[in-house]
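Per the working numbering, the sequence shown starts with residue 159, numbered consecutively.
Presented below is the structure to which this report refers.
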Amino acid sequence: LAQAAIGPGMEVFSSYSRVLHADGRPMTVREALALINQTLDETLAEQEGEFDADTRWAIAWFDQHGFDEGGFGDAELLSKAKNTSVEGLVGAGVALSARGKVRLLRPDELPKDWEPAKDSRRTVWEATHHLVRRLEAGGVRAAGELVRLLGSEADAARDLAYRLYAVCERRKRAAEALAYNSLVQAWPDILQAASGADTGEAEQIRMDL
159 LAQAAIGPGM EVFSSYSRVL HADGRPMTVR EALALINQTL DETLAEQEGE FDADTRWAIA
219 WFDQHGFDEG GFGDAELLSK AKNTSVEGLV GAGVALSARG KVRLLRPDEL PKDWEPAKDS
279 RRTVWEATHH LVRRLEAGGV RAAGELVRLL GSEADAARDL AYRLYAVCER RKRAAEALAY
339 NSLVQAWPDI LQAASGADTG EAEQIRMDL
């Protein structure tokens, strides 16, 4: 997504001899890139209102801590601002809380037998990270089966992957950025796999994972 936004902006520099700020000052390529990234981040941030409260908390926590631990007090304060609770986040399978510390569950810590239809507190955050886990563990076919089970919620999971990739780029978290970018880049193939999945394939995937 970042590359798609940067491309047209950089094309302006090759088409004109000078690019100016609104006040008439010459704009450098570095300044243009910073402006593009800022605008992209703002655009993605606007989408957060469409997510559930647990996911909005997780995005804010991830921005500050990644998958590292943070203080319980900070987590509780943020949860109140996002209209959720640490207890609820733990129950939803989003976070762990122990010894005064809170952290997000990593994709490889999520239950392999997760079934969206049986989850009474399903979140976009959870769906996105199960997709990351399935793509890494079983490839496009495994991720496609989960997309089929998620139905219309899969689009929100993809949007969250975009958002988290942007966070990782800004925070210089290369390894995590790669996981989200891999999901985004593979999305067309995942959708194709989802449309072709049948009951027999689904059962085999669940056994494999």
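Yeah, the Cβ is synthetic: ideal placement off N, Cα and C, and Gly gets one too.
Measuring CA to CA, which of the options is closest to residue i?
i: S340; options: A319, L308 and R176; result: A319
i: P274; options: S255, G251, A295 and G296; result: G251
i: R291; options: D266, K238, N241 and G249; result: D266
i: I348; options: L336, L247 and E294; result: E294
i: A352; options: A344, A335, R306 and V248; result: R306
i: A239; options: S255, I217 and G224; result: I217
i: L247; options: W215, H223 and F220; result: W215
What's the call for residue i, buried or exposed, on a 16-neighbour Cβ count within 10 Å?
i: P346; result: exposed
i: R176; result: exposed
i: V170; result: exposed
i: R321; result: buried
i: L235; result: exposed
i: S173; result: exposed
i: E189; result: exposed
i: H179; result: exposed
i: S237; result: buried
i: E146; result: No statement about residue 146 is possible, as the shown extent of the chain runs from 159 to 367 and does not include it.
i: L308; result: buried
i: T286; result: buried
i: L263; result: buried
i: L304; result: buried
i: K270; result: exposed
i: A192; result: exposed
i: T186; result: exposed
i: A332; result: exposed
i: L289; result: buried
i: Q350; result: exposed
By the DSSP assignment, the alpha helix (DSSP H) with residue i in it spans what residues?
i: L254; result: First-last for L254: A253 to A256, but that is the beta strand (DSSP E), not the alpha helix (DSSP H).
i: Y323; result: E311 to R329
i: H288; result: V282 to L308
i: P346; result: A332 to G354
i: K238; result: F230 to A239
i: T213; result: A211 to H223
i: E376; result: Outside the displayed span of the chain (159 to 367) sits residue 376, for which this structure offers no information.
Tell me which residue opens and which closes the beta strand (DSSP E) that residue i is part of.
i: K259; result: K259 to L262
Legend entry - Segment contact flag, the segment 219 to 236 with the segment 253 to 262, C-beta cutoff 8 Å, min 3 pairs: yes
Inset, instruction - Would you check if the segment 271 to 285 and the segment 209 to 220 touch, i.e. whether three or more CB-CB distances between them fall below 8 Å? - result: yes
Inset, instruction - State whether the segment 308 to 322 contacts the segment 282 to 296, with contact taken as three or more CB pairs (one from each stretch) at a distance under 8 Å. - result: yes
Legend entry - At least three beta-carbon pairs within less than 8 Å, the segment 299 to 312 to the segment 323 to 330: no
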